[in-house]
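Data block below; observations after.
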DNA sequence: TTCAATGTTTAGAC
DNA sequence: GGTCTAAACATTGA
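Numbering (my numbering), first residue to last: 182 to 464.
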């Protein structure tokens, strides 16, 4: 799914749009994506929306939590009573922009002032109903968020060195070490740090690790500022696309000229994922 | 027809 | 135990 900036974008919109509303109904069209009992959350009020790694957490008034993972193609769209939702505009034939509910809408929440649609073309995403202990278990294996005080350079070096024989791109995406970085932003961070994604961690000098560390937060923050990256499926809460792809230096830009030096951007497969890099700027 | 797509998990090999 | 790869989940579109 969406990585940290995309989920953070949705989280911020949800906090403005649906906090304070009551869950009056949940229509589950596909139980594959819904883990829990509806009646545990019906009638509860949504008190707060949080993000942990790439997951969304709805904190409810009855002590329960709804945990969401959008995986690769999940969408969360809100259609308020005044119909500000713009999904469907411009590209009526695309399954990604159809006005919900449609055949890829699997869960529908009826709130006080509108409907919240959980769409997922590939059906990898899920929703779980959890109590406080269940939530704790779910997040226990995750590394720190990059904006937590414990995400220090010292922690970063220790965490990276635990995977010394692994390629640096793969380690950056390891959720148990650092929460929230995925395929897009690992490429972008490594471009900014001028490090090839295929380098092994143990070959990296202290100063190279420092440059990577120093670029993590700025890259993610810039992406949040632009509402995340829309490749195909990802949408903001109102259905609009994230704009960061226009600012990406390497992601999805293979065979195009590097924005810095004009060298052709290359693509390689690293641990089963596409890695994009500039063979001149990155060493 | 084949391949790739924002993610995670799991099985098997070394 | 670590780490790699491939495959699985399901679907579309180039």
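All residues carry an ideal CB built from backbone N, CA and C; glycine is no exception.
Requested in this report: Could you pull out every residue in the same chain whose Cβ sits closer than 6 angstroms to the Cβ of residue 226, ignoring the five residues on either side in sequence?
Outcome: 203, 242
**Report entry** 6 angstroms Cβ shell around residue 397 - same chain, five flanking residues per side excluded
**Finding:** 327, 370
Query raised in the report: Which full runs of the alpha helix (DSSP H) of 4+ residues lie inside the region 341-383, going along the chain?
Result: With a minimum length of 4 residues, the continuous alpha helix (DSSP H) runs that stay inside the region 341-383 are 349-353, 364-374.
Query raised in the report: Do you know how far the Cα of residue 345 is from the Cα of residue 308?
Result: If I take the Cα positions, the gap works out to 35 angstroms.
Query - Rounded straight-line distance, which links the Cα of residue 439 to that of residue 430 - result: 7 angstroms
Requested in this report: Look up residue 331 in the DSSP assignment and say whether it is helix, strand or coil.
Outcome: coil
Report task. For residue 212, count neighbouring Cβ atoms within 10 angstroms of its own Cβ and tell me buried if that reaches 16, exposed if not. Result -> exposed
Report task. To the nearest angstrom, report how far apart residue 334 and residue 340 are at their CA atoms. Result -> 10 angstroms
**Report entry** Rounded C-alpha distance that separates residue 245 from residue 460
**Finding:** If I take the Cα positions, the gap works out to 49 angstroms.
Query raised in the report: Buried or exposed: which applies to residue 442, given that a residue is buried once 16 or more other Cβ atoms fall within 10 Å of its Cβ?
Result: Exposed, because fewer than 16 other Cβ atoms sit within 10 Å of the Cβ of residue 442.
Query raised in the report: Taking C-alpha atoms, which residue in 208, 238, 191 lies nearest to residue 320?
Result: 238
Report task. With residue 209 as the anchor, note down where its alpha helix (DSSP H) starts and where it stops. Result -> That residue, residue 209, is in no alpha helix (DSSP H); its beta strand (DSSP E) goes 206-209.
Requested in this report: Kindly indicate which three-state DSSP category residue 441 falls into: helix, strand or coil?
Outcome: Reduced to three states, the DSSP call for residue 441 is coil.
Report task. State buried or exposed for residue 301, treating a residue as buried only when at least 16 other CB atoms are found within 10 Å of its CB. Result -> buried
Query raised in the report: Going along the chain, which residues of its own chain have a beta-carbon closer than 6 angstroms to the beta-carbon of residue 449, five neighbours each way excluded?
Result: 456
Query raised in the report: Taking the alpha carbon of residue 394 as the point to measure from, which residue in 236, 255, 350, 322 has its own alpha carbon closest?
Result: Between residue 394 and the set 236, 255, 350, 322, the nearest pair of CA atoms involves 350.
Requested in this report: Assuming residue 418 and residue 198 form a contact by the criterion Cβ under 8 angstroms, report the distance between their Cβ atoms to the nearest whole angstrom.
Outcome: 6 angstroms
Report task. Within 10 angstroms of the Cβ of residue 263, are there 16 or more other Cβ atoms? Answer buried if so, exposed if not. Result -> exposed
Query - Cβ shell of residue 316 (< 8 angstroms), same chain only, five flanking positions each side left out - result: 238, 246, 248
Query - Test item: CB-CB of residue 251 and residue 324 under 7 angstroms - result: no
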